[in-house]
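Take a look at the structure set out below.
Protein chains in written order, with this note's numbering: chain A, 1 to 201; chain B, 1001 to 1268.
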């Protein structure tokens, strides 16, 4: 039994993450219960929507999540990844969970580039030996939808993706993992990421 | 490596079954939507759109069930449209496993719905679908578009499945939708929809130039070249088609292989 708590803070599509974990042999539990977070073997912090709302809706779960991240792997997806950073400039400056150094910035305007960055783009491996990327060789397509991107130090960057700038599309520091793309929406490649994450338990 | 152009099969649903109409009126029944979506997934579809064309409050449960079944089997992005009128509708659809919702008539009748829902659920999941047609009547306030034969016209937003003209300039409306927080525009031209003569290139290019968010071209695909034209001349970020895929004229993979040979970046 590898129980993975998918943090439910109100919005968005959790069903696909749930089914993805199931498909990869994990036991997913959707919960907003602090005790469930404290006893989880791994945690997924999903998320769509705005940064500030996401942080607010985490509320009391925030401390439990930070405590848990000292002993079990946590995977942030999309907004969930962005919330792991120190700051976001989305609609003002807002404090994040500070699990990974760096900040979240808006894509600058660039002719010929639409924002949100929406669709399938490729991964370039920065740390191919990281267990989250087991079986990956670079060039895999994954699905992105985001208008803000993560800026962190190279040592915390697992993969980068090229859109307007070369941004960090997967990050890691100790137990905290984050992916800007949606593994639950990226077909077999995405399921590979979820499987590797379960393998960290 | 770059962001690839997307090919999006659209499934028109009536009472939970797949149909496809010509000019939105004639309907033919065929197929289970989840089975069909799964086939598209295997062919390499980048997303799938479910359009509930006879959506009403009474049959909301039917589409919710389709979304759940699709989300349980397919790990690719799902967009759902048709009859969405409120933030509650959107919440239900997202909870069932959809990633994006497309709103059309209700956004025109109440533009604040775009702002409210973009704020609540995030810009990335609000697709504003816009049905347009050419209007040759003089209108100094509207953006003039020059057609390939030199004729001038403006494009008018139509609602209720294309049956009611609104007098609203399509290009201004696309800009307003973006300002209000739409993450994407799904553009269908009534001039070309169901004709198989290709996308309405002039309005697709004009709207793609006018907004900074992605534009999905829809309505009129009949050949592989039409997809190419949609991306190159229409400047679309994604092309949507229903019947050519539905009736097996070609597969999603064939379209992508064709585009790749001609230098359009696609995910193969």
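Even glycine gets a Cβ: it sits at the ideal position worked out from N, Cα and C.
Since the structure is predicted, the reported quantities are computational estimates derived from the model, not experimental observations.
Legend entry - Separation of residue 1005 (chain B) from residue 170 (chain A), as counted between CA atoms: 22 Å
Inset, instruction - Let me know the secondary structure DSSP gives residue 1223 (chain B) once reduced to three states. - result: Secondary structure of residue 1223 (chain B) (DSSP, three-state): coil.
Legend entry - Which listed residue (B:1119, B:1148, B:1182) has its alpha carbon closest to that of residue 90 (chain A): B:1119
Inset, instruction - Just list the alpha helix (DSSP H) runs in the stretch 52 to 128 of chain A, keeping only unbroken ones of 4 residues or longer that don't cross its boundaries, in chain order. - result: 61 to 68, 79 to 82
Legend entry - Close Cβ partners of residue 105 (chain A) (< 7 Å) along its chain, the five nearest in sequence each way excluded: Cβ within range, chain order: 89, 148, 149, 151.
Inset, instruction - For residue 2 (chain A), collect the residues of the same chain with a Cβ closer than 8 Å to its Cβ; drop the 5 residues on either side in sequence, then sort them by chain order. - result: Cβ neighbours of residue 2 (chain A) beyond the five flanking positions: 25, 26, 27, 41, 42, 198, 201.
Inset, instruction - Find out if the Cβ-Cβ distance for the pair residue 1125 (chain B), residue 48 (chain A) is shorter than 8 Å. - result: With respect to the 8 Å criterion, residue 1125 (chain B) and residue 48 (chain A) are classified as neighbours on the basis of their beta carbons.
Inset, instruction - If I'm right that residue 51 (chain A) touches residue 83 (chain A) with Cβ under 8 Å, what's the distance once you round it to whole angstroms? - result: 7 Å
Legend entry - the stretch 1175 to 1197 of chain B: positions lying closer than 7 Å to chain A by Cβ: 1183, 1184
Legend entry - Cut-off 7 Å between Cβ atoms - residues of its own chain near residue 10 (chain A), not counting five sequence neighbours on either side: 57
Inset, instruction - List the endpoints of the continuous beta strand (DSSP E) containing residue 41 (chain A). - result: Element bounds for residue 41 (chain A): n/a, residue is neither H nor E.
Inset, instruction - Go through its chain and collect everything with a Cβ distance to residue 1073 (chain B)'s Cβ below 7 Å, but skip five positions before and after it. - result: 1034, 1038
Legend entry - residue 1203 (chain B) vs residue 1178 (chain B) beta-carbon contact at 8 Å: no
Inset, instruction - Pull up the DSSP beta-bridge partners for residue 166 (chain A), would you. - result: A:162
Legend entry - Min CB distance residue 1119 (chain B) to chain A below 8 Å: Closer than 8 Å: yes.
Legend entry - Test: residue 1036 (chain B) CB closer than 8 Å to a CB of chain A: no
Inset, instruction - Return helix, strand or coil for residue 1261 (chain B), following the three-state DSSP convention. - result: helix
Inset, instruction - Give the residues of chain C in contact with residue 145 (chain A), contact being defined as C-beta atoms less than 7 Å apart. - result: Here chain C cannot be found, since the structure's protein chains are A and B.
Inset, instruction - Assign residue 1109 (chain B) to buried or exposed, taking buried as 16 or more other Cβ atoms, counted over all protein chains shown, within 10 Å of its Cβ. - result: exposed
Inset, instruction - Consider the Cβ of residue 137 (chain A): report whether some Cβ of chain B lies at a distance smaller than 8 Å. - result: No, its Cβ sits nowhere closer than 8 Å to a Cβ of chain B.
Inset, instruction - Find the residues of chain B that neighbour residue 61 (chain A), judging by a C-beta separation of less than 7 Å, and give them in chain order. - result: Here the premise fails: no neighbours, minimum Cβ distance about 19 Å.
Inset, instruction - Could you check what DSSP says for residue 31 (chain A) in three-state terms: helix, strand or coil? - result: strand
Inset, instruction - Could you tell me which of A:62, A:179, A:172, A:174 sits nearest to residue 161 (chain A), measuring between CA atoms? - result: Residue 161 (chain A) has its Cα closest to that of A:179, out of A:62, A:179, A:172, A:174.
Legend entry - Per-residue burial, residue 1077 (chain B) [other beta carbons within 10 Å of its own, 16 or more giving buried]: buried
Inset, instruction - Assign residue 1246 (chain B) to one of three DSSP states: helix, strand, or coil. - result: helix
Inset, instruction - Give the DSSP-derived three-state secondary structure of residue 1010 (chain B) in the structure shown. - result: strand
Legend entry - Minimum Cβ-Cβ distance from residue 7 (chain A) to chain B less than 8 Å: no
Inset, instruction - Count the C-beta pairs between the stretch 1146 to 1153 of chain B and the stretch 1161 to 1179 of chain B that are closer than 8 Å, then say yes if the count reaches three, no if not. - result: no
Inset, instruction - Check whether the Cβ atoms of residue 1143 (chain B) and residue 1168 (chain B) lie closer than 8 Å to each other. - result: Going by C-beta atoms, residue 1143 (chain B) is not nearer than 8 Å to residue 1168 (chain B).
Legend entry - Sequence-distant residues of its chain with Cβ nearer than 6 Å to residue 1065 (chain B) (five each side left out): none
Inset, instruction - Report yes or no: is there a C-beta of chain B within less than 8 Å of the C-beta of residue 15 (chain A)? - result: Output row for residue 15 (chain A): interface = yes.
Inset, instruction - Could you tell me the distance, in whole angstroms, from the CA atom of residue 1156 (chain B) to the CA atom of residue 145 (chain A)? - result: 30 Å
Inset, instruction - Output, in chain order, the set of chain B residues within a Cβ distance shorter than 8 Å of residue 116 (chain A). - result: What residue 116 (chain A) touches in chain B: 1123, 1124, 1183, 1184, 1213, 1214.
Inset, instruction - Can you tell me which of the three DSSP states residue 1272 (chain B) falls into? - result: Nothing about residue 1272 (chain B) can be reported from this structure: the residues present for chain B run from 1001 to 1268 only.
Inset, instruction - If I'm right that residue 138 (chain A) touches residue 123 (chain A) with Cβ under 8 Å, what's the distance once you round it to whole angstroms? - result: 6 Å
Inset, instruction - Spell out whether any CB of chain A is found under 8 Å from the CB atom of residue 1234 (chain B). - result: no
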